[in-house]
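Peer 1: So that we are looking at the same thing, I have put the structure below in structure tokens.
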Amino acid sequence: MTPRFDFDERARRHLLRVAREAIEAEVRGRLMPALSAGEFEYPNHGVFVTLRCGERLRGCIGTFHPDGELISTIRHIAAEATHDSRFTGAPLGPGDLPTLRIELSLLSPLTPIRDASEIVIGRHGVHVAIGGRRGCFLPSVATEHGWDAPTFLSVCCAEKIGVSPDAWQGPNAVVSVFEIEKIEE
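This is the structure we're talking about:
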């Protein structure tokens, strides 16, 4: 299930550079530079962009279903992540750029599960869909908070979807797991 992209170090640096250029252009109100895959061929996969200043989380936005090529998706999501004010109440500003660290999480396809016992904490992220609402957590969230699998799902339901914590156990819930390949500065 883990996405295996087998990117060499140069391709990884290229993806991070695409993200950083998009972030800096967005924060400074400038046009984004021309986009080019160059010599690299990238598969089309979902991706999350996580932004940290020091240890402080400043943004985390992504998609499981990209509309275009991976580098276009990264550029778009990275620019959006600068406006994710959920964590500090303010969008990213030019003063944040010197301490900014970028993390790209390349996503495997979603794999539906039947029971919380199928979740491997630290390896799996969770995605819960109930009706037209959905929410997810990256794998690191459960580890950082010391959650077990049922708590992981319950908090996802309550905080991400805005439904009852036990809604993941209901007949209309579709619970899936995914894995990531992390690329970070």
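Here the working numbering is used: the first residue of the sequence shown is 1159, the next is one more, and so on.
Even for Gly, the Cβ is constructed at its ideal location relative to N, Cα and C.
This structure is a prediction, so every number in the text was calculated from the model and none was measured.
#1: Within this structure, are the beta carbons of Phe1336 and His1303 separated by less than 9 Å?
#2: Measure the C-alpha to C-alpha separation of Ser1266 and His1172 and round it to an integer number of angstroms.
#3: Buried or exposed: where does Pro1201 fall if 16 or more other Cβ atoms within 10 Å of its Cβ makes it buried?
#4: Output the boundary residues of the alpha helix (DSSP H) element that contains Thr1301.
#5: Fully enclosed by the region 1226-1289, which beta strand (DSSP E) runs are 3 residues long or longer?
#6: Could you have a look at Arg1214 and say whether DSSP puts it in helix, strand or coil?
#7: Looking at Gly1212 and Phe1245, is the spacing between their C-beta atoms short of 9 Å?
#8: What do you get for Arg1188, buried or exposed, if any count of 16 or more other CB atoms within 10 angstroms of its CB means buried?
#9: Quick check on DSSP: helix, strand or coil for Glu1199?
#10: With Ile1181 and Leu1262 assumed to form a contact (beta carbons below 8 Å), what rounded beta-carbon distance in angstroms separates them?
#11: In the DSSP assignment, the beta strand (DSSP E) including Ser1334 goes from what residue to what residue?
Peer 2: Judging by the given coordinates:
#1: Position 178 of the sequence shown, counted from the first residue, corresponds to residue 1336. Position 145 of the sequence shown, counted from the first residue, corresponds to residue 1303. No, the pair does not count as a contact, with Cβ atoms beyond the cut-off.
#2: Looking up residue 1266 in the sequence shown gives position 108. Looking up residue 1172 in the sequence shown gives position 14. If I take the Cα positions, the gap works out to 20 Å.
#3: In the sequence shown, counting from the first residue as 1, residue 1201 sits at position 43. Classification of Pro1201: exposed, given that the 10 Å Cβ count is below 16.
#4: Position 143 of the sequence shown, counted from the first residue, corresponds to residue 1301. Pro1297 to His1303 is the extent of the alpha helix (DSSP H) around Thr1301.
#5: 1258-1265 and 1283-1288
#6: Locating residue 1214 in the sequence shown gives position 56, counting from the first residue. Strand at Arg1214.
#7: Numbered from its first residue, the sequence shown carries residue 1245 at position 87. Numbered from its first residue, the sequence shown carries residue 1212 at position 54. It is not a contact, given that the beta carbons lie outside the stated cut-off.
#8: For the purposes of this step, residue 1188 is taken as the residue at position 30 of the sequence shown. Arg1188 comes out exposed.
#9: Reading the sequence shown from its first residue, position 41 is the one you call residue 1199. The answer is coil: DSSP assigns Glu1199 none of H, G, I, E or B.
#10: Residue 1181 sits at position 23 when you count from the first residue of the sequence shown. Residue 1262 sits at position 104 when you count from the first residue of the sequence shown. Not quite, the Cβ-Cβ distance comes to about 12 Å (not below 8 Å), so this is no contact.
#11: To locate residue 1334, count along the sequence shown from 1; it is residue 176. Note, Ser1334: beta strand (DSSP E), Ala1331 to Phe1336.
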